[in-house]
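Sequential numbering of the sequence shown, starting at 41, is according to our numbering. Beta carbons: idealized from backbone N, C-alpha and C, even for Gly. Accompanying notes for the structure given below.
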Amino acid sequence: EKYAFENCVMLSKISINGTLEFLGNKAFYETPIMDEENYENGALYIDGILVDVLENEVSGEFEIKTGTYLLADGAFDVCKKVTNVIIPDTVKYIGDKCFFGCKELRTLYIPKTVEKIGEEIFESAYEYIVIKGELNSVSHLYSIENGIPFSSTDESSEYNVDFELVEKMAESEYDVLIFA
């Protein structure tokens with residue numbers, strides 16, 4: 041649940057058994073767990089869960105730590121300088137609004153191991169985003185359902201994205217561009 045442990049000022053350590061499929065946005069907000077000393081390269085990990093990313097500490101390409109299995113709801117909330125995110129093949133779940141407000145995000149690599157992608161993971165930030173993943177994967181289906189460009193990582197596939205076309209589409213006043 042969102043803000044589940046908010047203001048629990050005595051909560052400085054927690055153990056999670058690895059079976060969670062989601063963790064609410066800012067679950068540990070205003071607790072000692074969120075102290076910057078607990079962050080590793082701008083990210084807070086707890087027992088295989090990426091809980092939070094400090095918006096001013098992360099820029100450019102960000103590679104999520106191997107062994108992570110869950111990206112919490114809103115984990116990258118308003119990380120305005122991150123441009124590319126690489127998710128390791130240990131991740132199974134991506135939480136709701138995980139990349140909300142990441143206005144510079146251009147590429148998100150989602151491995152085939154991801155079983156569930158939350159709602160509105162980009163919210164207002166998907167004008168120029170391309171999801172990279174395997175054909176017929178959860179990420180491929182998510183991109184189709186949400187109208188987000190997809191680029192296949194399958195070496196045998198010729199199904200890839202023209203990034204200039206993606207930018208033209210984002211700048212267009214139309215929902216669909218048709219080229220003859």
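1. What separation, rounded to the nearest whole angstrom, lies between the Cα atoms of Leu111 and Gly158?
2. Report the three-state DSSP secondary structure of Tyr149 (helix, strand or coil).
3. Could you tell me whether the Cβ of Thr108 comes closer than 8 Å to any Cβ of chain D?
4. Tell me, which residues are paired with Phe102 by DSSP?
5. Between Ile104 and Ile127, what straight-line distance do the alpha-carbon atoms span, to the nearest angstrom?
6. For Lys66 and Phe116, what's the separation of their Cα atoms in angstroms?
7. Run through DSSP, which three-state label would Val154 get?
8. Compare the beta carbon distance of Glu144 and Val122 with 8 Å and say whether it is the shorter of the two.
9. Tell me the residue span of the beta strand (DSSP E) that contains Ile171.
10. In chain order, what residues of the same chain have a beta carbon less than 6 Å from the beta carbon of Tyr43, not counting five sequence neighbours either side?
According to the data block:
1. Numbered from 1 along the sequence shown, position 71 holds the residue referred to as residue 111. Numbered from 1 along the sequence shown, position 118 holds the residue referred to as residue 158. Rounded to the nearest angstrom, the two C-alpha atoms are 10 Å apart.
2. Numbered from 1 along the sequence shown, position 109 holds the residue referred to as residue 149. Three-state result, Tyr149: strand.
3. Absence of chain D from the displayed structure is noted, only one protein chain being present.
4. Against the sequence shown, residue 102 aligns to sequence position 62. Phe102 is bridged to Val125.
5. Here residue 104 is taken as the residue at index 64 of the sequence shown, counted from 1. Here residue 127 is taken as the residue at index 87 of the sequence shown, counted from 1. Rounded to whole angstroms, Ile104 to Ile127 spans 5 Å at the Cα level.
6. The residue you call residue 66 lines up with position 26 of the sequence shown. The residue you call residue 116 lines up with position 76 of the sequence shown. Lys66 and Phe116: Cα-Cα distance of roughly 11 Å.
7. Here residue 154 is taken as the residue at index 114 of the sequence shown, counted from 1. In this structure, Val154 counts as coil in the three-state DSSP scheme.
8. Sequence index remark: in the sequence shown, residue 144 carries index 104 (1-based). Sequence index remark: in the sequence shown, residue 122 carries index 82 (1-based). In this structure, Val122 lies closer than 8 Å to Glu144 by Cβ.
9. Counting from 1 along the sequence shown, the entry for residue 171 is found at position 131. That run of the beta strand (DSSP E) goes 170-173.
10. On the sequence shown, residue 43 is found 3 positions in, with the first residue counted as 1. Summary for Tyr43: the model assigns pLDDT 48, below 50, so the residue's position carries little reliability, and this model does not support an answer.
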